[in-house]
Amino acid sequence: MEKIIILDFGSQTTQLIGRRLRELNMYCEIVPYNKFPEKDESVIGVILSGSPFSVNDSEAFKPDLSAIKGKYPLLGICYGAQYLAYISGGKVEKGDSREYGRAMLTPIDKEDLLMKNISDYSQVWMSHGDTITVVPDHFKIIAHTRDVKCAAYRIEEEKTWSVQFHPEVFHTEIGTTILDNFLNICGAKKDWTPANFIESTVNQLKKQLANDKVILALSGGVDSSVSAVLLNKAIGKNLTCIFVDNGLLRRNEFEKVLNDYEHLGLNVVGIDAKEHFYKELAGIKDPEKKRKIIGKGFIDVFDREAKKRKDIQWLAQGTIYPDIIESLSITGTTIKSHHNVGGLPEKMNLKLIEPLRLLFKDEVRRVGRELGMNERLIRRHPFPGPGLGVRILGDITPEKVRILQEADDIFINGLREWNLYDEVWQAGVILLPVQSVGVMGDERTYENVIALRAVTSADAMTADWARLPYDFLAKMSNEIINKVRGVNRVVYDVSSKPPSTIEWE
Ligand code: XMP
C-alpha cells in the first residue's frame, strides 16, 4: 500500500499533518526526523514537519536528507522549509516582523502544481520567529504574503516544494488544497478508506495468524471492541475475548457490555473478579499504589484465564496510533502507557498483535461503523483502565463504589436524555474524601460531596471543561442528592487541562 512519510521535527502540529492526509484518503506514517525507512518501496512522497527549534539553534535537528531530497517528491513545512533552504545555501534569520497567526497568501506562479486552485489573498496560518532571508539561486518563489516574501518556493530541478506557513492547521483555509496538490504531485491514488483498511487488515491477519489462537482483553471501549470484531472476522473461534469485572466498572456495565458483544457474535468470557480487587485494594489510599494494584489484579486474572487455554500464542490489544507516536516521541515529553495488560506479553511468552496500531481514534470509529457495529458502542466516551478506582479519591470500599455508580449513572443518562452526551469528549463523577453539612427535611446531615466532570477535547492531550447548561446541572444536582443515599452536595469541576488533568487521580 502506497504511503507518505512525515518526518517529525517535533512540532506540536505534526500529528495534524497525518490527520489531514488521512482525511484525503491517503495512508501516511509519522516517523522521527532521523528514521526515514530507506528500504520501504511503498513510499511515494515525504513531508518535513515544523519544529520548536530554529535552524540556527545548536540543538536543532539536522538530519542528512541525501536519501530523500531529489529522490522523492518532498514538501517542507515551516521548519522543514527553512531547513531545506538552510542546507541549500540560503539564509534563515529572525524575522523583522515575527509572523504568528493569520496572513493572506498570494500565489506568484499560478501554473505551479502546488498552487493549483489557490486564489489571491487566501488565509493561511503562520507560526515562526525565523524567516528565509536569502533564497538560494535555484529556488523559485511561488507565493508570498505581505510580510513574508518567500511564503512558498519550489526547487526547480527537483520535485521539492516548501511552505513557511502551516497547511495542516484548521485556520489555513487552503491547507487541504495545498496538501491535496502535493499528493497529486506524488501521483497518489488516495484509496485509504475504512472499507479498504478492513479488507487488507483482515487478509493480513488471516495470513499472519493462520490457525493460531489469540486472546484479547476487552474493556468495553471502542478500540478493543473494534480490534475484536476485526480479529473475529479473520480467525473466528480462534479468538477468545476476556472481559473482567474488576468491581470498578460503571453501573450495570458488565451486563450491558457482555450483551453488546453477544450481538456481535464474539466469543467472550466474562469474569467476575470484584471480590479479588476489593480485597487487594482495601485500605490503600495512594493513587499510584491503587493504579498498580488494579493493573496487577488485571494481569493476574488474565494470566490465569490465558493459562487455562494452553495453546494460546498471541495477545491482541487495541493500541491506536497516538499511543505509538507518543512512544516514538522525539522530544521525549509525555510517554503514556495506558495499556491494560502491559507486562503480560513478556511474562507469558505471548506475541503481540495490534490491528489498529496505525489508526487515529476517529478512524477507529469510522472502521467500527463500516463493520456495522452499533453507534452506542462506537460513540462511547473513553473510560480509564483503572475505572472508578481513580474517581474514588482515597481508599476504595464497595459502599463507595455503590455511591459513585449511582451518581455516575444519573449523570450519564442525563447527558443522553438532554442530547449532550455526544457534545462532550468524556464525562464522569468523582467521589471526594470530604464530608459536608447539609439539611434534609428537618435534619442536619453530614455526608459525601461529589464532583461532576465533563470535558471537551480532541485527543485528551488538552481538554476544556464543558459549558453544560445551568438548568441541566441543577437537575443533575437535585436528582443525585435526592436519589443517592450518602450524598448531600454536588459541585461542578471547572478546570481545564492543562493545568489540571481530566481524571482527579
Ligand atoms: P488525564 O487524567 O491524564 O487523562 O488527563 C487523559 C485520558 O486518559 C484516561 N486515563 C487513563 N486510561 N488508564 C487508562 O486506560 C489509566 O491509568 C488512565 N488515566 C487516565 C482518562 O480517562 C482520559 O481519557
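The numbering of the sequence shown is the working numbering, which starts it at 190 and goes up by one.
Glycine included, each C-beta is placed from N, C-alpha and C at the ideal position.
Handout entry: Assigned secondary structure, M315 (DSSP; H/G/I helix, E/B strand, else coil)
Key = strand
Practice task
Over the uninterrupted alpha helix (DSSP H) stretch that includes M665, give me the two end residues.
Solution key: 659 to 672
Problem - beta-carbon I691 near the ligand XMP non-hydrogen atom, thresh 7 Å - result: yes
Problem - R291 CB to nearest heavy atom of the ligand XMP below 7 Å - result: no
Handout entry: Coil, strand or helix - E632 by DSSP
Key = strand
Practice task
Given a cut-off of 8 Å, decide if F225 and I266 are closer than it, judged by their beta-carbon atoms.
Solution key: no
Practice task
Say whether the segment 380 to 397 touches the segment 342 to 362, bearing in mind that this needs 3 or more beta-carbon pairs closer than 8 Å, one atom from each stretch.
Solution key: no
Exercise for the section: Apply the 10 Å Cβ neighbour rule to K192 and answer buried if 16 or more other Cβ atoms are within range, or exposed otherwise. Expected result: buried
Problem - beta-carbon Q615 near the ligand XMP non-hydrogen atom, thresh 7 Å - result: yes
Exercise for the section: In the DSSP assignment, find the beta strand (DSSP E) that holds G279 and state where it starts and stops. Expected result: From DSSP, G279 is part of no beta strand (DSSP E); its letter is neither H nor E.
Handout entry: Where E230 falls: helix, strand or coil (DSSP)
Key = coil
Exercise for the section: Within 10 angstroms of the Cβ of A663, are there 16 or more other Cβ atoms? Answer buried if so, exposed if not. Expected result: exposed
Practice task
State the CB to CB distance for the pair V352 and A270, rounded to an integer number of angstroms; the pair is presumed to be in contact (CB under 8 Å).
Solution key: 6 Å
Exercise for the section: Go ahead and pull the three-state DSSP assignment for R498. Expected result: coil
Handout entry: Rounded C-alpha distance that separates Q204 from F487
Key = 32 Å
Problem - beta-carbon R439 near the ligand XMP non-hydrogen atom, thresh 7 Å - result: no
Problem - Cβ contact check for the segment 428 to 447 and the segment 571 to 586: 3 or more pairs under 8 Å - result: yes
Problem - Environment of P296 [buried if 16+ CB atoms lie within 10 Å] - result: buried
Practice task
State buried or exposed for P544, treating a residue as buried only when at least 16 other CB atoms are found within 10 Å of its CB.
Solution key: buried
Problem - Proximity to S666 [Cα-Cα], best of K499, D246, R656, R678 - result: R678
Problem - Inter-residue Cα distance where the pair is K228 and N245 - result: 31 Å
Practice task
Determine the direct distance from the alpha carbon of W350 to that of S231, and round the result to whole angstroms.
Solution key: 21 Å
Handout entry: Of the listed residues T334, N306, T322, T320, nearest to V313 (C-alpha basis)
Key = T334
Practice task
Can you tell me which of the three DSSP states I257 falls into?
Solution key: coil
Handout entry: Inter-residue spacing [alpha-carbon to alpha-carbon] between V415 and A340
Key = 43 Å
Problem - Secondary structure of I601, DSSP reduced to three states - result: helix
Practice task
Could you check how far apart the C-beta atoms of D412 and G507 are, in whole angstroms? I think they sit under 8 Å.
Solution key: 3 Å
Handout entry: Nearest residue (CA-CA) to N427, options G557, N448, L504, M293
Key = L504
Practice task
With a threshold of 16 other CB atoms inside 10 Å of the CB of P148, please say whether the residue is buried or exposed.
Solution key: Absent from the structure is residue 148, since the part of the chain shown begins at 190 and ends at 694.
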